[in-house]
Amino acid sequence: SHAEVTRKAAEEEARAQLEKYMEMQAEEEEQEDDLFRFDMQHNEEENEPENDNNNNPFEPQFEPLDPALANQDQMDMDMAMPLDEVVGLRGPISSLIKNLLWFLLFNTSFLGVFAFVPS
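Number 317 in our numbering belongs to position 85 of the sequence shown; there are no gaps in the numbering.
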């Protein structure tokens with residue numbers, strides 16, 4: 233019938249358009265990959281040192297790190313604790329409640345000592 237022929241023609245046309253679209257997408261992806269590879273190669277070439285003579289007076293001269301100082305820095309970093317963990321925003325809710333109660337206790341005792349007692 234005529235409706236069936238029209239439907240098949242529309243399906244074939246849609247299939248052809250889809251194949252064309254997928255080919256265009258594949259070409260675009262290929263171009264993007266080529267550009268990415270070119271950028272990566274270009275960046276690697278820029279990062280390569282030109283000479284290792286260290287004759288340039290404008291280049292910073294770095295001295296080797298003393299191992300004893302490196303150990304001390306690591307110890308300081310281990311002891312550091314983020315503020316949100318101290319306050320109780322991260323971790324168990326019980327630490328948040330405990331810290332909130334301590335805050336209220338110190339505020340009321342401060343007001344009691346310095347605001348109400350002198351009068």
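In this text, a Cβ means the ideal position worked out from N, Cα and C, and glycines have one as well. Values in this document were obtained by computation on a predicted structure and should not be read as measured data.
Residues of its chain near ARG322, where Cβ-Cβ distance is below 6 Å and the 5 sequence neighbours each way are ignored: What you label residue 322 is simply residue 90 of the sequence shown in a count that begins at 1. Hits under 6 Å: ASP316.
C-alpha gap between LEU328 and PHE342, whole angstroms: Counting from 1 along the sequence shown, the entry for residue 328 is found at position 96. Counting from 1 along the sequence shown, the entry for residue 342 is found at position 110. Inter-residue distance for LEU328 and PHE342 is about 21 Å (C-alpha atoms, whole angstroms).
Three-way DSSP call (helix, strand, coil) for SER327 in this model: Here the question's residue 327 lines up with position 95 in the sequence shown. The three-state secondary structure of SER327, taken from DSSP, is helix.
Length at least 3, wholly inside the stretch 239–268: the beta strand (DSSP E) runs in chain order: None, since the stretch 239–268 contains no complete beta strand (DSSP E) of that length.
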